[in-house]
Amino acid sequence: MARREKSEMVKLSILMILFSSMVMTMVDSSRSVNKVGDVNDDDSEILRRHLLANGLGVTPPMGWNSWNHFSCNIDETMIKETADALVTTGLSKLGYSYVNIDDCWAELARDNKGNLVPKKSTFPSGIKALADYVHNKGLKLGIYSDAGYLTCSKTMPGSLGHEEHDAKTFAEWGIDYLKYDNCNNDGSKPTVRYPVMTRALMNSGRPIFHSLCEWGDMHPALWGSPVGNSWRTTNDIKDNWVSMISIADMNEVYAEHARPGGWNDPDMLEVGNGGMTKDEYIVHFSIWAISKAPLLLGCDIRNMTKETMEIVANKEVISINQDPHGVQAKKVRMEGDIEIWAGPLSGYRVVLLLLNRGPSRTLISALWDDIEIPANSIVEARDLWQHKTLKQKFVGNLTATVDSHACKLYVLKPVT
């Protein structure tokens with residue numbers, strides 16, 4: 001998270017970015033829409049060599065994070081209640097398994113042995129006891145630290161210079177996920193500081209999902225795969241349409257760098273926090289799902305409305321996010337306020353998003369040529385928000401009317 005003025009963008013060489021994209025495009029050639037499921041063994045080995053070897057993040061992580069809704073107003077009781085709610089609502093059975101504590105959980109000073117100390121006023125039982133509680137629910141516990149001297153809230157220490165010690169502490173407590181922020185550091189590059197924590201986690205004796213949160217400043221999609229299981233590609237999201245859709249744009253640029261074990265992270269979900277319309281939240285959840293983004297709920301799930309539950313518990317949309325093929329969808333056509341996003345899925349299927357960013361209702365047509373389906377193919381379309389397979393079969397294109405700030409989401413499958 002970035003609770004500070006946006007830092008001056010680091011000016012990487014344009015040639016470096018183009019070269020990296022070109023190389024990844026060549027490696028990804030077998031992952032294109034018209035070759036779904038046909039990944040060359042040599043290419044697979046190349047990809048494995050460049051992933052963080054902790055065996056985690058085979059699909060994007062799903063769960064909940066405290067920051068978007070609660071900020072620093074957290075305590076062990078509400079964390080336990082949130083874990084309870086993930087189970088009682090049935091969300092845990094859909095894959096929402098991480099309960100992630102964000103900033104503000106520790107005292108400002110370490111103890112005399114250099115240990116992080118859970119805040120006595122809000123986490124009196126300690127983090128290990130909380131991890132035990134969460135694990136007994138069949139869930140996983142995540143925690144937060146920072147590659148600086150203080151975290152972004154400046155209310156607790158960061159882990160800079162204490163990486164080995166803190167990683168062992170997290171492992172002893174039973175932590176499953178670390179969100180690692182970038183505030184209040186020593187001025188050195190994230191490419192120097194973040195791998196130190198990576199090595200510490202790998203030496204901790206416990207597999208811990210490593211979520212890099214350096215806000216996309218140094219294009220972590222280009223270097224993050226051997227360092228973390230996910231990497232933030234953007235600054236913090238806000239609960240409004242402009243913020244959400246602009247972050248989706250920024251994240252999409254790095255689509256070719258996402259794959260099982262390492263995911264682009266456009267920040268946590270705002271669905272249910274009240275700042276957008278139902279249609280806008282459906283767009284939000286749809287884009288995050290097809291972008292293979294971490295699906296980390298950011299609302300108060302103890303008090304979710306039926307409308308919010310219908311969005312975040314859509315099994316068909318979640319299945320797109322968790323598809324084993326692990327390819328992030330991309331924009332394939334843009335015309336003014338109209339966008340068409342598409343990406344390959346397992347089983348020779350294609351996910352298709354028709355997005356209307358404009359102020360009025362409009363027709364949107366997706367051409368087979370744009371989404372790399374053979375021109376004369378007869379295609380069956382499943383509407384994931386209407387939960388129905390359309391009676392009509394489609395040849396050459398699919399056209400639908402889409403409301404303002406809304407979308408249509410389909411899974412397409414050639415039938416001949």
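Under the numbering used here, think of the first position of the sequence shown as 1, with each following residue one higher.
Glycine included, every Cβ here is placed at the ideal spot set by N, Cα and C.
None of the values given here were measured: they were computed from a predicted structure.
Opening and closing residue of the beta strand (DSSP E) in which residue i lies
i      : result
Asn356 : Arg349 to Asn356
Ala448 : No information on residue 448 is available, as it lies outside the stretch 1 to 416 that the chain covers here.
Val402 : Asn397 to Val402
Identified DSSP bridge partners for residue i
i      : result
Tyr98  : Gly63 and Lys140
Ser145 : Tyr180
Gly262 : Arg259
Arg110 : None; Arg110 has no bridge partner.
Gly343 : Val351
Leu409 : Leu353
Thr389 : Arg382
Pro414 : Val379
Phe394 : Val379
Pro118 : Ala106
Pro418 : It is not possible to answer for residue 418, since the shown part of the chain is limited to 1 through 416.
For residue i, the three-state DSSP class (helix, strand or coil)
i      : result
Arg382 : strand
His210 : strand
Tyr133 : helix
Arg232 : strand
Ser125 : coil
Val227 : coil
Ala293 : coil
Pro220 : helix
Val332 : strand
Thr191 : helix
Ser365 : strand
Ile338 : strand
Leu150 : strand
Lys278 : helix
Lys238 : coil
Trp215 : coil
Val283 : helix
With 16 other Cβ atoms within 10 Å as the buried cut-off, status of residue i
i      : result
Cys407 : buried
Arg302 : exposed
Ala375 : exposed
Gly158 : buried
Arg199 : exposed
Val458 : Nothing about residue 458 can be read from this structure; the chain reaches only from 1 to 416.
Gln386 : exposed
Gly326 : buried
Ala289 : buried
Gly298 : buried
Lys140 : buried
Val271 : buried
Gly205 : exposed
Pro294 : buried
Pro118 : buried
Leu353 : buried
Glu163 : buried
Asn229 : buried
Leu108 : exposed
Ala221 : buried
Residues of its chain near residue i, where Cβ-Cβ distance is below 6 angstroms and the 5 sequence neighbours each way are ignored
i      : result
Tyr133 : Lys80
Ile287 : Ala248
Tyr96  : Met62, Gly63 and Leu86
Thr389 : Arg382
Ala167 : Ala200, Leu201 and Ser204
Ile338 : Ile364
Gly148 : Gly158, Leu160, Cys183, Asn184 and Asn185
Phe285 : Val271 and Ile311
Residues near residue i in its chain [Cβ-Cβ closer than 8 angstroms; skip 5 each side]
i      : result
Lys128 : Glu172, Trp173 and Gly174
Ile318 : Met62, Leu94, Gly95, Ala289 and Leu295
Asn273 : Asn68, His69, Asp239, Gly298 and Cys299
C-beta neighbour in chain C for residue i, strict 9 angstroms
i      : result
Trp105 : This model lacks chain C altogether; it includes just one protein chain.
First through last residue of the alpha helix (DSSP H) which encompasses residue i
i      : result
Asp166 : Glu163 to Trp173
Pro85  : At residue 85 the sequence reads Ala, which differs from the Pro that was named. First-last of the alpha helix (DSSP H) with Ala85: Glu76 to Thr88.
Thr305 : First-last for Thr305: undefined, no H or E at that position.
Ile318 : Lys315 to Asn321
Neighbourhood of residue i by C-beta, 7 angstroms cutoff - its chain only, sequence neighbours within 5 removed
i      : result
Phe394 : Val379 and Ala381
Asn397 : Ser365, Ala366, Leu367 and Trp368
Lys292 : Pro60, Ala258, Trp263, Asn321, Gly326 and Gln328
Asn65  : Asn100, Asp102, Met268, Leu296 and Gly298
Gly55  : Pro207
Ser13  : Low local confidence applies: a pLDDT of 34 at Ser13 is under 50, so the model's placement there is unreliable, and no value is given.
Asp279 : Asp403, His405 and Ala406
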